[in-house]
Amino acid sequence: MLSTRFTELVGCDVPLQQAPMGLISPPGLALAVARAGGVGSVSAGLGVEPQALAAQLDSWMEPGAGALAVNFITEQVDPAAVAVAGARARIVEFFWITPHAKLVDAAHEGGALVNWQVGSLPEAVLAVEAGADVVTVQGREAGGHVRGDTPLLPLLAAVLRAVDVPVLAAGGIAEPRAMAAVLAAGAAGARIGTRFIATSESGAHPEYELALLAAGPESTEITDGFAECPMCATLPRARVLRSAIAAVDAVDGETVGTVGDEPVPPRAGMSPHKDVQGQIHAMALYAGSGVEHVTAVRPAAEVVRELAEGAEALLRAW
Ligand SMILES: Cc1cc2nc3c(=O)[nH]c(=O)nc-3n(C[C@H](O)[C@H](O)[C@H](O)COP(=O)(O)O)c2cc1C
-6 MLSTRFTELV GCDVPLQQAP MGLISPPGLA LAVARAGGVG SVSAGLGVEP QALAAQLDSW
54 MEPGAGALAV NFITEQVDPA AVAVAGARAR IVEFFWITPH AKLVDAAHEG GALVNWQVGS
114 LPEAVLAVEA GADVVTVQGR EAGGHVRGDT PLLPLLAAVL RAVDVPVLAA GGIAEPRAMA
174 AVLAAGAAGA RIGTRFIATS ESGAHPEYEL ALLAAGPEST EITDGFAECP MCATLPRARV
234 LRSAIAAVDA VDGETVGTVG DEPVPPRAGM SPHKDVQGQI HAMALYAGSG VEHVTAVRPA
294 AEVVRELAEG AEALLRAW
């Protein structure tokens, strides 16, 4: 097993975190990854009340399930909700928020570690100054909302020179060779989103998964084309399948689908989960630049094993 500063700090077996992805990463996915030795992550709902979050987490979190993380995005975060997550999860996570000691302290109060995903060197330094125990650097290759504009490896090198906490690498990592590369470059682990969309436990709509499987190299692009979302209110930038940009540009109408009775407007930032109906191919099909390595829908535990064992074998061979 690959042991790093991250696995030692967190107490997990594999230096890999499955990224939180809203309704695409339901508890079943997080639990499967955690049981396989990685860190499994879920998203706290936007603006969730502390009591509601406590009830949600208590309904599925199991003692002994492994390392779990709860993620908060956007500036409207209630520190009391962060404390609720900190009392239940091994890691509390932040992204798309200016690093702030008040939020770190709230998570630490409950006993959790704090991981802050950043898109630049100054933001990494701010996160560590605010008290983060781990920093994730997100390169511009990443699927979903993209915080900065620097490619992953130069950003990783710059941040490793500047901070002394374990650093995870995120963006475009979807196969063992890329995972081995970031570990060889000094990362303490990899944070991976896109590869976990195509898993048996993911919450993604089947047509979204099929679109990922069909995507070849150079098939993603950073766009402001799906900017009807709270994250895009501050910075409209997300990496999606290029086919979705063309498809939404061709939509002529007020909706592209529905969730229950609610219409989904064109250019909504919501990625299509299982309860969405309509023109899935014209919705926000977030995907990182490693999508060509996503070639089959597999159980999450197999994906964790393949990445970890493959990366370890490569590192030993090198
Ligand atoms: C569908 C999707 C949804 C995402 N949602 C979130 C989120 O809610 N919070 C977050 O911190 N990161 C989110 N991300 C970004 C990930 O944290 C991570 O940076 C990214 O997945 C890494 O790149 P990769 O997808 O190429 O592995 C999302 C990514 C994807 C693909």
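The numbering used here puts the first residue of the sequence shown at -6, with every later residue one more than the last. We put the CB at the ideal spot given by N, CA and C, even for glycine. Owing to the predicted nature of the structure, the values given are computational and were not obtained by experimental measurement.
- Per DSSP, the unbroken beta strand (DSSP E) holding THR129 starts and ends at 127 to 131.
- Among the bridge pairs identified by DSSP, LEU61 is matched with GLY33.
- Taken from the Cβ of ASN108, every heavy atom of ligand 1 lies 7 Å or farther away.
- Its Cα nearest to that of SER236, the residue ALA208 stands out among LEU153, CYS5, ALA208.
- Taking the Cβ of PHE(-1) as the reference point, every heavy atom of ligand 1 lies at 7 Å or farther away.
- In this structure, GLY21 is the residue among GLU299, GLY21, ALA243 with its C-alpha nearest to the C-alpha of GLU55.
- With a threshold of 7 Å, the Cβ atom of GLN131 counts as near ligand 1, since some heavy atom of the ligand is closer than that.
- Remark: the shortest separation between the CB of PHE88 and any heavy atom of ligand 1 falls under 7 Å.
- If you draw a 10 Å sphere on the C-beta of ALA73, you find fewer than 16 other C-beta atoms in it, and that means exposed.
- Taking C-beta atoms under 8 Å as the contact rule, LEU39 and THR67 qualify, at a distance of about 6 Å.
- Between ligand 1 and GLU202, a heavy atom-to-CB distance of less than 7 Å is absent.
- Residue pairing of GLN49 in beta bridges, as defined by DSSP: absent, with no partner found.
- Within the same chain, VAL121, ALA125, ASP126, VAL127, VAL128 come within 7 Å of VAL158 by CB-CB distance, once the 5 residues on both sides are set aside.
- Taking a 10 Å sphere around the C-beta of ARG232, we find 16 or more other C-beta atoms and assign the residue as buried.
- The alpha-carbon separation between GLY164 and GLY246 amounts to approximately 34 Å.
- Residue state for HIS138 is assigned as strand, using DSSP reduced to three classes.
- For ALA117, the CB contacts under 7 Å within the same chain, skipping 5 residues up- and downstream, are VAL111, VAL128, VAL130, VAL152, ALA155, VAL156 in chain order.
- Distances from the alpha-carbon of THR(-3) to those of GLU168, ALA123, ALA183, SER18 put ALA183 closest.
- Look at the beta carbons and you see the stretch 39 to 53 not touching the stretch 192 to 210: under three pairs across the two are nearer than 8 Å.
- A straight line joining the alpha-carbon of ALA78 with that of GLU255 spans about 29 Å.
- Per DSSP, PRO256 lies in no alpha helix (DSSP H) segment; the continuous beta strand (DSSP E) that holds it begins and ends at 255 to 257.
- For the set GLU42, ALA220, ALA60, the Cα lying nearest the Cα of VAL3 is the one of ALA60.
- In the three-state scheme derived from DSSP, where H, G and I count as helix and E and B as strand, GLN69 is classed as coil.
- When beta bridges are read from the DSSP output, VAL290 appears opposite no residue.
- With a cut-off of 7 Å, the C-beta of ARG291 is classified as distant from ligand 1, since no heavy atom of the ligand falls inside that distance.
- Minimum Cα-Cα distance from ALA135 among the listed residues ALA226, SER282, ARG291 corresponds to SER282.
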